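In our numbering, the protein residues as written are 16 to 143.
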């Protein structure tokens, strides 16, 4: 499962951002398995990984709505015969105007690169 790896990297970025996290920078994570990932399940998962809810929303919703959001960002998922959901991982950097600036593919993205891109965007005055 790529989710814990990616979430751990995002927690590193959250911590590196310091006081700008939750003020100038916000994270949004969306489940690709809304049938399993209820709000309660996601809250337990997030707490276990050390996320800061003041600047990070972890969302679920109706399956059709989740599918539409995932597709709009290029995330594809499919339920396997055993019930597990196979999916790609895509981390997107979106500015305040809702413009997609950069996408990082897979769980192997370098958190330092994303942090650098975030800081560049903040320096432009277009914080995410």
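Backbone N, C-alpha and C fix where the C-beta goes; we use that ideal spot for every residue, glycine too. For clarity, every value in this text was computed on a predicted model and none was experimentally measured.
Open item on the list: Please list the terminal residues of the continuous beta strand (DSSP E) segment that includes residue 114.
Closed with: Looking at the DSSP string, residue 114 is not in any beta strand (DSSP E), and its letter there is neither H nor E.
TODO: Please check the pair residue 85 and residue 26, which I expect to be a contact at CB under 8 angstroms, by giving their CB distance rounded to whole angstroms.
DONE: About 22 angstroms separates the two Cβ atoms, so there is no contact after all.
Task: Top-ranked residue by Cα proximity to residue 98, from 61, 50, 22 and 19 - done: 50
- [ ] Determine the closest residue to residue 72 out of 40, 101 and 100, with distance taken between C-alpha atoms.
- [x] 40
Task: Whether residue 117 touches residue 102 by CB criterion (8 angstroms) - done: no
Open item on the list: Out of 32, 138 and 139, which one is the CA nearest neighbour of residue 9?
Closed with: With the chain covering only 16 through 143, there is no way to say anything about residue 9.
Open item on the list: Measuring straight from C-alpha to C-alpha, what distance separates residue 100 and residue 21?
Closed with: 16 angstroms
TODO: Taking only the alpha-carbon atoms, compute the straight-line gap between residue 126 and residue 105 and give it to the nearest angstrom.
DONE: 13 angstroms
Task: Start-to-end residues for the alpha helix (DSSP H) that takes in residue 22 - done: 18-32
Task: Where the alpha helix (DSSP H) through residue 81 begins and ends - done: 78-87
- [ ] Work out the CA separation of residue 139 and residue 107 for me, nearest whole Å.
- [x] 18 angstroms
Open item on the list: Tell me which residues share the same chain as residue 57 and place their Cβ nearer than 7 angstroms to its Cβ, disregarding the 5 neighbours each side in the sequence.
Closed with: 46, 73 and 75
Task: Reference residue 135, options 110, 122 and 79, closest by Cα - done: 110
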